[in-house]
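A.B. asks:
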Amino acid sequence: MQTRRGTTGSTLCASSTRPQRRRAGRALTLLEVLVSVSLIVLLLSAMLSFFWQSIAIREEAARNANRTQIARQVLDHLASELRGCIGVDQVGFPVEYRLIGDRRSITFLTTVLPEKFQYEFYRESDDLPPAQHDLQEVSYSLWIDPDETTEEGEPIVGGIIRTVKKTLNQFIVDEEDPLDLRTDLWSPELGYLEFRYFDGVEWDVTWDITEGNSLPQLIQVTVGFDSITNYSLEDQDLEEFPIDQCPLGDELYHPDRYSVMVRIPAADRMFGSRIQRVGKQLSDQLGVEGGF
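Just add 86 to wherever you are in the sequence shown, counting from 1, and you've got this note's numbering.
The structure is reproduced here in structure tokens:
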């Protein structure tokens with residue numbers, strides 16, 4: 087009986103340990119491995135996708151910030167010069183015009199502060215700097231390659247050109263003076279420039295009044311980073327979006343463009359420029375020279 091009990095006890099112990107050994111040595115099946123690898127790949131893909139999207143958003147935000155800063159600097163400087171325009175009839179010497187412009191360029195007289203060297207003291211033996219006036223003739227225009235175009239036939243734009251003439255009394259200064267006429271390329275990244283003029287009643291894309299106080303009441307300046315197309319350069323967009331219906335521009339969304347509205351302080355408060363424009367329009371219609 088003792089032998090049977092011992093045998094029976096050992097048999098039970100052996101039978102109870104065999105399933106545990108089988109579980110410990112059990113490996114993963116191929117299906118389980120594939121499911122695990124698939125889950126890991128999905129998690130890594132989601133993490134990498136989020137990572138690359140974050141980098142793209144960050145680069146886009148930095149690009150927009152740089153563009154905004156460039157456009158703001160250009161518009162602020164241009165607006166400050168436009169606010170210094172003069173509207174008097176006489177400036178001490180004859181000038182051809184005080185402000186004229188079209189949709190893509192503008193030329194005007196503006197007041198400036200004396201430069202630093204004009205406050206310096208000179209000896210009798212020193213060569214004096216050339217005479218300068220407190221008025222400057224400034225021009226802005228869009229540089230477009232006159233010979234080359236893109237593969238699609240669109241114009242090649244190189245940026246905004248700023249030309250300034252610091253010495254207006256040319257008969258008392260040296261014509262070879264480097265300060266006489268200076269041309270600078272402003273922001274080659276910019277490829278769009280537009281001016282719109284408000285006479286107090288209507289908006290227009292041309293300003294050609296040369297008599298009396300010829301300044302407009304408001305000027306809208308728009309710059310953009312995408313290069314101008316033939317569609318806009320040839321004013322075809324004005325046929326689709328007439329200026330009397332869309333005075334401040336077309337109704338399309340242009341994320342690359344920035345605008346500023348500049349009020350001209352020296353403009354005639356009695357809207358003299360409006361009267362002159364109406365008289366000029368009537369004279370052109372009737373074929374009368376000299377206007378009304």
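Glycine is no exception: its CB is placed at the ideal position from the N, C-alpha and C atoms.
(1) Using 10 angstroms around the beta-carbon of R158, count the other beta-carbons present and answer buried if the total reaches 16, otherwise exposed.
(2) Would you mind giving the Cβ-Cβ distance between R190 and S227, rounded to the nearest angstrom? I have them listed as a contact below 8 Å.
(3) Let me check understanding here. Comparing Cα to Cα, which of A352, L324 and M356 lies closest to C171?
(4) Give every residue of the same chain whose Cβ lies closer than 7 Å to the Cβ of W293, excluding the five residues on either side of it in the sequence, and list them in chain order.
(5) Using three-state DSSP, classify M356 as helix, strand or coil.
(6) With DSSP as the reference, label Q362 as helix, strand or coil.
(7) Using CA coordinates, which residue listed in F311, G310 and G335 is at the minimum distance from Q322?
(8) Within this structure, are the beta carbons of V346 and S273 separated by less than 7 Å?
(9) Could you check what DSSP says for S102 in three-state terms: helix, strand or coil?
(10) May I ask you to list the residues that DSSP assigns as paired with K251?
(11) Indicate the three-state DSSP secondary structure (helix, strand or coil) for F327 in the structure shown.
(12) Quick check on G310: buried or exposed, where buried means 16 or more other Cβ atoms within 10 Å of its Cβ?
(13) Would you mind working out which of S140, V307 and G277 sits nearest V243, comparing C-alpha positions?
C.D. replies: Reading it off the structure:
(1) It counts as exposed.
(2) Their Cβ separation, rounded to whole angstroms, is 6 Å, which keeps R190 and S227 in contact under 8 Å.
(3) Residue A352 is the option with its Cα nearest to C171.
(4) Once the five neighbours on either side are set aside, the close Cβ partners of W293 are L185, I186, G187, Y283 and P302.
(5) DSSP, read as helix, strand or coil, puts M356 in coil.
(6) In the structure shown, Q362 sits in a helix (DSSP, three-state: H, G or I).
(7) The shortest C-alpha separation from Q322 is found at G335.
(8) Their beta carbons are not under 7 Å apart, which means V346 does not touch S273 by this criterion.
(9) With a pLDDT of only 49 at S102, under 50, the local geometry of the prediction cannot be trusted, and the value read off the model is given with reservation. The answer is helix: DSSP assigns S102 an H, G or I state.
(10) Note: K251 sits in a beta bridge opposite E223 and L267.
(11) Shown here, F327 sits in coil according to DSSP, grouped into three states, outside any helix or strand.
(12) The residue is buried, with at least 16 neighbouring Cβ atoms inside 10 Å.
(13) Selected option, being the one with the closest Cα: G277.
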